[in-house]
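Everything below concerns the one structure shown next.
Next up, the structure:
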């Protein structure tokens, strides 16, 4: 009986160890897909006008791993035109669609030309005693070609004024119609005689 | 009076009943009687299929635009779009099963897919849905959509290559193992190679270019004042009896170092033969002399990074 108990304990312990070993993830995976790029075997620059603002979305993927990845983003080139909305993002395990927005803003007084933007995405990997821990990092690098044209943004005040003007005209029209209706109801004969007199 | 009234009522009821009971297809009561009395077999409607094969060729008049497509790590991405086929001889002349689509990019293997009929837009135009699978290693850039199909009468192939789409860049990798270890080393010893390398780098995207390593100094776990500097490590692409990795690229602390001659080598990982794969081997050509006896690791300084 005692021997059987001992054997069961050993079996359970080996099961726990086996589960622990299996749960250790021996791989590290991460991917970044960008709509604009300037390295590799092709390129796709972003064309913009002066005064233009745009938010581009970079797609972070972690399809090959079951573990969530915490990723840190940093702009290393092009800070004068590119801005991150956040710099830390969690990319869920087995996911392919974590959108990471990057704001590109070209000032009106910017000199037309070719500007570079480089953003580095690195997985935050906790260290491990007695070893060199490896993480994965990707750099997204693309050209922003700024043209001569200056984009005039419609003024917000002008827009609001235009809407108020339309509402005022509609209200005025309704009031005129109501007044007219009121007078016709109150004294229809007067209007009739008046028209008859006019005819004469 | 009462008899008259009941007579009129009976006639009315009979009339109503005759209207309800008599089949509606008969032209009248007499017609109905004639047919039942003669016993002639009633005429039956017959379905006749007429295939209209015209002489006018089919045309593909519209290919719906495809917004930029993000590849998916280590698998394919199904790209769906719509085409409109037109035939002056009518939609019945369009050969539905002949419509197909291809994506082309110079020097790249073309990607093919099929199209299925969605609906007839009008008497002469029909709408087809087409799906083509793009693979993770397919080249980033502009791809041309080539939609084609024929009709039953003219049989000449109609094509439309007027539309293109952008296949975005995907920089992605899977590395293993995720830690590097060395056997016990002593100060001043030379050519100390890692005992669990190489790091296998699988390219699960479509980037084609060099690979970088950003190393961090290894601090002593008990006394962090003792350091094995990142510059003491080298990375090579091969190993062997002469430890060629020890003459490889020297690393630098917190600096992105491009490993010379490394290549992400985009390709089908399942095909084997090294497509989409690279290997890194590590060495400490000379262990610093001023080290205390303890464990050194990235626990305090931070992990190393492999990337594109």
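Chains as they are written, first to last, in our numbering: chain Y, 5 to 204; chain X, 1119 to 1426.
From the three backbone atoms N, C-alpha and C, an ideal C-beta is built for every residue, glycine too.
Taking the CA atoms as reference points, residue 148(Y) sits about 26 Å from residue 1255(X). The Cβ atoms of residue 66(Y) and residue 73(Y) sit closer than 8 Å to each other. Using beta-carbon distances, residue 1418(X) counts as an interface residue toward chain Y, with a partner under 8 Å. Close partners of residue 30(Y) in chain X (Cβ separation under 8 Å): 1294, 1295 and 1296.
At least 8 Å separates the beta-carbon of residue 1264(X) from that of residue 1282(X).
Within the DSSP bridge table, the entry for residue 1333(X) names 1371(X) as partners. Residue pairing by DSSP puts residue 1195(X) in a beta bridge opposite 1252(X). Counting of Cβ neighbours within 10 angstroms places residue 1286(X) among the buried residues, the total reaching 16 or more.
Sequence-distant Cβ neighbours of residue 1206(X) in its own chain, meaning closer than 8 Å and more than five residues away, are 1172, 1174 and 1242. For the region 50-84 of chain Y, the beta-carbon criterion of a distance under 7 Å to any beta-carbon of chain X is satisfied by 63, 65, 67 and 68.
Within 7 Å of the CB of residue 1255(X), no CB atom of chain Y is found; the nearest one sits about 11 Å away. Here DSSP, grouped into helix, strand and coil, assigns residue 1269(X) to strand. In the DSSP assignment, residue 1233(X) falls within the beta strand (DSSP E) that extends over 1229-1238. Exposed is the label assigned to residue 61(Y), since fewer than 16 other Cβ atoms lie within 10 Å of its Cβ.
For residue 1414(X), DSSP records a beta bridge to 1338(X).
Assigned with DSSP and collapsed to three states, residue 132(Y) falls in coil, not helix or strand. In terms of CA proximity to residue 47(Y), 1258(X) leads the group 1269(X), 1419(X), 1258(X) and 1424(X). Against chain X, the CB of residue 175(Y) has no partner CB under 8 Å away; the residue lies outside that interface. Contact of residue 102(Y) with chain X by beta-carbon distance below 9 Å is absent, the smallest such distance being about 11 Å. Inclusion of residue 1389(X) and residue 68(Y) in the CB contact set at 8 Å is not warranted, their separation being larger than that value. By the C-beta density criterion, residue 83(Y) is exposed, having fewer than 16 other C-beta atoms within 10 angstroms. The C-beta distance from residue 1323(X) to residue 35(Y) rounds to 6 Å, short enough to meet the 8 Å contact threshold. Excluding residues up to 5 positions away in sequence, 1328 and 1330 lie with their Cβ nearer than 6 Å to the Cβ of residue 1376(X) in the same chain. Contact with chain Y is found for residue 1258(X), since one of that chain's Cβ atoms lies less than 8 Å from the residue's Cβ. Residue pairing for residue 107(Y): DSSP places it in a beta bridge opposite 59(Y) and 87(Y).
Among the CB atoms of chain Y, none fall inside 8 Å of the CB of residue 1196(X). Listed along the chain, the chain X residues whose CB falls inside 9 Å of the CB of residue 132(Y) are 1296, 1297, 1415, 1416, 1417 and 1421.
Judged by pairs of C-beta atoms under 8 Å, the region 171-190 of chain Y does not touch the region 129-142 of chain Y, as fewer than three such pairs exist. Interface residue (Cβ-Cβ distance to chain Y less than 8 Å): residue 1276(X) is not classified as such. For chain X, the residues of the region 105-138 of chain Y that bring a beta carbon within less than 9 Å of one of its beta carbons are 124, 125, 126, 127, 128, 129, 130, 131, 132, 133, 134, 135, 136, 137 and 138, in chain order. Per the C-alpha coordinates, the member of 134(Y), 75(Y), 57(Y) and 40(Y) positioned closest to residue 1411(X) is 134(Y). Between the alpha carbons of residue 1325(X) and residue 1361(X) lies a gap of roughly 30 Å. The beta carbons of residue 1250(X) and residue 1219(X) sit closer together than 8 Å.
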